[in-house]
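Trainee:
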Amino acid sequence: DVYASICEYIYSIKLASDPNGMKLMSLPSISLSSSITRQDHKMVRAVRVDDESRCEASILSQLQLLEQERDTSAWQDSSVHIKSDAKGLNEEVFITQLAVRSQAIDAFFQLHVESILQSHSVATDLANSPTNSSKSVFNCHFQDGVVGDVCFYRAPLKSRERMREKVLEYVADEYPNWPLVGYILDAVRCSVVVKDAGQLLEVLSWLQDPACGVTVCKVKNRYARDAQVLDGYRDLSVHVHFKGQNGLSIIGEIQLHLLEFWSLK
């Protein structure tokens, strides 16, 4: 596969010859820096498990069984109604909760991540960002004295259908804690693209600064030597706990990309 071969060349030859690349490759593939690792955590509550939601999940499961009895074939190929815990409780209630929360908070999340990048920028406005564009470009100061472009890309919300697919994957992988929707940490997400490994590590440090307004919960480093990658593409995902101006919270994902990899997309 040509694509995978190019990715491997960038990683094993170019990145490995850069001291900062070596540093990036030596970081753990998974690191946890907070106890907030699920959407149903008491500090987040993007997914809420209470007596009412348990009752709703149970009712949906019972309705599902009735529908299956009426028309087995109609349910065999459907991923809409998912039961994933030992009690057979349906996940659709919690998919809806996370979908609604992500819609309510996404604009605040995107603007806040932009503001973090802007705080390290030469300019004080978004002059390089066309109105209604999904992309912003910031000329940022880095510790080595270089001023470089940092590109920010807003990503669409994770759809309910994709959430259902993820839950089914968690069922297959036997994830332990219900509701499984709580494991979905990228309902709101964005991407940041930089030129080299040194800049990527510095942007990571900006996000890890307690003063930046987000709390890093988990880092998934696909640049690590022991990282599992399917097609050779590598990036670094930062899962952060964010509280919006509307008082709502969510765990969102900020993907950090190297330009050479990103350009292959």
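Residue numbers for the sequence shown follow my numbering, so the first one is 190 and each next one is one higher.
Note that beta-carbon positions come from the ideal geometry of N, C-alpha and C, so glycine has one too.
These numbers come from a predicted model, not from an experiment.
(1) Less than 7 Å separating the beta-carbons of R414 and M214?
(2) Looking at the strands, I want to know which residues DSSP matches up with R414.
(3) Extract the residue ranges of the beta strand (DSSP E) inside the stretch 414–444, only unbroken runs of 3 or more that lie entirely within it.
(4) Any contact of the stretch 302–311 with the stretch 324–338, i.e. 3+ C-beta pairs under 8 Å?
(5) Could you give the uninterrupted runs of the alpha helix (DSSP H) lying entirely in the stretch 278–341, keeping only those of 4 residues or more?
(6) Less than 7 Å between the C-beta atoms of C379 and A344, yes or no?
(7) Would you call the stretch 287–306 in contact with the stretch 365–383, where contact means no fewer than 3 C-beta pairs closer than 8 Å?
(8) Leaving out five residues on either side along the sequence, give the residues of the same chain with a beta carbon under 7 Å from the beta carbon of Q434.
(9) Tell me whether the beta-carbon of L284 lies closer than 7 Å to the beta-carbon of V377.
(10) Taking contact to mean 3 or more Cβ pairs, one atom from each stretch, closer than 8 Å, check whether the stretch 358–367 and the stretch 325–332 are in contact.
(11) If you draw a straight line from the alpha carbon of K347 to that of D375, how long is it in whole angstroms?
(12) Would you mind sorting L453 into buried or exposed? The rule is 16 or more other CB atoms within 10 Å of its CB.
(13) Going by DSSP, what residue range makes up the beta strand (DSSP E) through R378?
(14) Measuring CA to CA, which of G421, K432 and Q388 is closest to K231?
(15) Run through the stretch 206–234 for me and flag every whole beta strand (DSSP E) of 3 or more residues, listed as ranges in chain order.
(16) With distances taken from CA atoms, which of V233, N328, Q388 and D229 is nearest N209?
(17) Can you give me the start and stop residues for the alpha helix (DSSP H) that A193 sits inside?
(18) CA-CA distance, L306 and F327?
(19) Grouping DSSP H, G and I as helix and E and B as strand, with all else coil, what is R343?
(20) Taking the C-alpha atoms as reference points, what is the distance between D240 and K324?
(21) Just reading off the alpha helix (DSSP H) that L204 is part of, what are its end residues?
(22) Going by C-alpha to C-alpha distance, which of C340, K203, C196 and V408 sits closest to H430?
(23) When the distance is taken between beta carbons, is I199 closer than 7 Å to E449?
(24) Can you tell me whether A316 is buried or exposed? The criterion is at least 16 other CB atoms within 10 Å of its CB, across all chains shown.
(25) Name the DSSP bridge partner or partners of V408?
Mentor: On the basis of the supplied data:
(1) Cβ distance < 7 Å, so R414 and M214 count as in contact.
(2) In DSSP, R414 forms no bridge with anything.
(3) Qualifying beta strand (DSSP E) stretches, in chain order: 425–432.
(4) Yes, since at least three Cβ pairs between the stretch 302–311 and the stretch 324–338 fall closer than 8 Å, the two stretches touch.
(5) Fully enclosed alpha helix (DSSP H) runs of 4 or longer: 281–307.
(6) Contact: yes.
(7) As far as the Cβ criterion goes, the stretch 287–306 touches the stretch 365–383, which means the pair count is three or higher.
(8) The residues F297, in chain order, have a CB closer than 7 Å to that of Q434 in the same chain once the five nearest residues on each side in sequence are set aside.
(9) Reading off the sequence, residue 284 comes out as Ile, not Leu. Pairing I284 with V377 gives a Cβ-Cβ distance that is not under 7 Å.
(10) No, because fewer than three Cβ pairs between the stretch 358–367 and the stretch 325–332 fall closer than 8 Å, the two stretches do not touch.
(11) Spanning the two alpha carbons is a distance of roughly 7 Å.
(12) Answer is exposed; the Cβ neighbour count stays below 16.
(13) Taken as a continuous stretch (DSSP letters only), the beta strand (DSSP E) holding R378 covers R378 to V383.
(14) Here the closest residue by C-alpha is K432.
(15) With a minimum length of 3 residues, the continuous beta strand (DSSP E) runs that stay inside the stretch 206–234 are 219–221.
(16) With distances taken between CA atoms, N209 lies nearest to Q388 out of V233, N328, Q388 and D229.
(17) Note, A193: alpha helix (DSSP H), V191 to Y198.
(18) Spanning the two alpha carbons is a distance of roughly 7 Å.
(19) Reduced to three states, the DSSP call for R343 is strand.
(20) Computed Cα separation, rounded: 42 Å.
(21) That residue, L204, is in no alpha helix (DSSP H); it is neither H nor E in DSSP.
(22) Looking only at C340, K203, C196 and V408, the smallest Cα-Cα distance to H430 is reached by V408.
(23) Result yes, Cβ atoms of E449 and I199 sit closer than 7 Å.
(24) Summary for A316: the model assigns pLDDT 49, below 50, so the residue's position carries little reliability; its value from the coordinates is reported in the next sentence. Exposed is the label assigned to A316, since fewer than 16 other Cβ atoms lie within 10 Å of its Cβ.
(25) Answer is S220 and V427, bridged to V408.
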